[in-house]
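J.:
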Amino acid sequence: MELSGISIIIPIYNEGVILEKNLKLYHDYLSNLTGLDSFEIVVIDNASTDTTPQILKRFKRSYKNIKMYRTAGKGLGIALKEGLNRAKHDVVMFTAIDICFGLDIIKLSIEKYSGGYSLVLGSKGHKKSIYKAPVQRLIFSRVYNFLLRVLFNTNIRDTQGTFLINKKLSRKPLAFANSENAWFQTQLALYIDKTDKNTVEIPVKYIEQERKSKMKYTDALKILREMFEGYFKYRQYKKTTDE
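Note that this note's numbering has the sequence shown beginning at 8, numbered continuously upward.
1. Are the beta-carbon atoms belonging to Y213 and S136 less than 9 angstroms from one another?
2. Could you give the residue range of the alpha helix (DSSP H) that holds G122?
3. Excluding the 5 residues preceding and the 5 following V127 in the sequence, name in chain order all residues of the same chain whose CB lies nearer than 7 angstroms to its CB.
4. Just to confirm my understanding: we take K233, look at its own chain, exclude 5 residues before and 5 after, and list those with CB closer than 7 angstroms. What are they?
5. Which term fits S55, buried or exposed, when burial requires 16 or more other beta carbons within 10 angstroms of its beta carbon?
6. Using the rule of at least 16 other Cβ atoms within 10 Å of the residue's Cβ for burial, across every protein chain shown, is Q3 buried or exposed?
7. For Q194 and P180, what's the separation of their Cα atoms in angstroms?
8. Buried or exposed: which applies to V49, given that a residue is buried once 16 or more other Cβ atoms fall within 10 Å of its Cβ?
9. How should I146 be labelled, buried or exposed, when 16 other C-beta atoms within 10 angstroms of its C-beta is the threshold for buried?
10. On the criterion of 16 or more Cβ atoms from any shown chain inside 10 Å, does K134 qualify as buried, or is it exposed?
11. Between the C-alpha atoms of G129 and C107, what's the straight-line distance to the nearest angstrom?
12. Excluding sequence positions up to five away, which residues of its chain have a Cβ less than 8 angstroms from the Cβ of K71?
13. Less than 7 angstroms between C-beta atoms, sequence neighbours within five positions excluded: which residues of the same chain meet that for K175?
14. Give me the Cα-Cα distance between G168 and T102, rounded to the nearest whole angstrom.
15. Under a three-way DSSP split, which group does P18 fall into?
16. Cutting at 8 angstroms between CB atoms, please list the residues of its own chain near S220, excluding the five before and the five after it.
17. For A79, does the count of other Cβ atoms within 10 angstroms reach 16, so buried, or fall short, so exposed?
18. Helix or strand or just coil, what does DSSP make of V211?
19. Would DSSP call K174 helix, strand or coil?
20. Report the three-state DSSP secondary structure of T59 (helix, strand or coil).
21. Look at I13 and I113 and say whether their C-beta atoms are less than 9 angstroms apart.
22. Apart from the five residues just before and just after H34, which ones in its own chain have a Cβ nearer than 7 angstroms to its Cβ?
23. Quick one: is V211 buried, meaning 16 or more other Cβ sit within 10 Å of its Cβ, or exposed?
24. Identify, in the order they occur along the chain, each residue of the same chain with its Cβ nearer than 8 angstroms to the Cβ of A227, setting aside the five sequence neighbours on each side.
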């Protein structure tokens, strides 16, 4: 598939400590990426309360292809939807400000897309991936993805890494993807894969950084509850694709 430009969507919340350095790293990497004619970095400030808004204002004056928007409410799903709506390029990629998957995941994802895949996932579940995190997070991740494959009859092994699509494929799924939280990205992946069946997962190196907060049991339960609620929403979507 032809790709001349890309919108990199980065949701952030209270990232003042690393924001300036990492935005520059993203910008410099994309500026020097061979074969990429145009790009924008769409930063979605998810109602930050630290120095993030002030830093973003400085960037807005200096970098024309770094766009900043702020959401009224807090939630990863809210931020990603806003990014999709704001992106000017058809090809969009979700990634994280802490660059936990490295910068070359962008190049690798673009190569897979250009090779004909519609949905490219940077996957911690890939057999060649290196995934290091606290034991409780590793266990939860494995349980979560096992349940995902069983409930939704999918071969996708990880929906919560990087995520590259042509946003035209998200139009119909967005009518059903209603989560305001991290489950939103999983919803999109499942719905797009169900419709298009042209998904590829690529290996990543993911080593959780010390600044990451510890996983709370309440958060884990909330995610699992959304998964089971999402199953019934998925069945509604599936009917529209089977008709």
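Idealized CB from N, CA, C, for every residue including glycine.
T.: Looking at the coordinates:
1. yes
2. Premise fails: G122 is in no alpha helix (DSSP H) and is neither H nor E.
3. S116, K119, Y120, L171, V207, I209
4. Strictly speaking, residue 233 in this sequence is Glu, with Lys absent from that position. Result list for E233: S186, N188, W190, in chain order.
5. buried
6. No statement about residue 3 is possible, as the shown extent of the chain runs from 8 to 250 and does not include it.
7. 8 angstroms
8. buried
9. exposed
10. exposed
11. 11 angstroms
12. none
13. D97
14. 7 angstroms
15. strand
16. The predicted position of S220 is uncertain, since its pLDDT is 49 and thus under 50; no value can be drawn from it.
17. exposed
18. coil
19. helix
20. helix
21. yes
22. I48, Y70, I73
23. buried
24. F147
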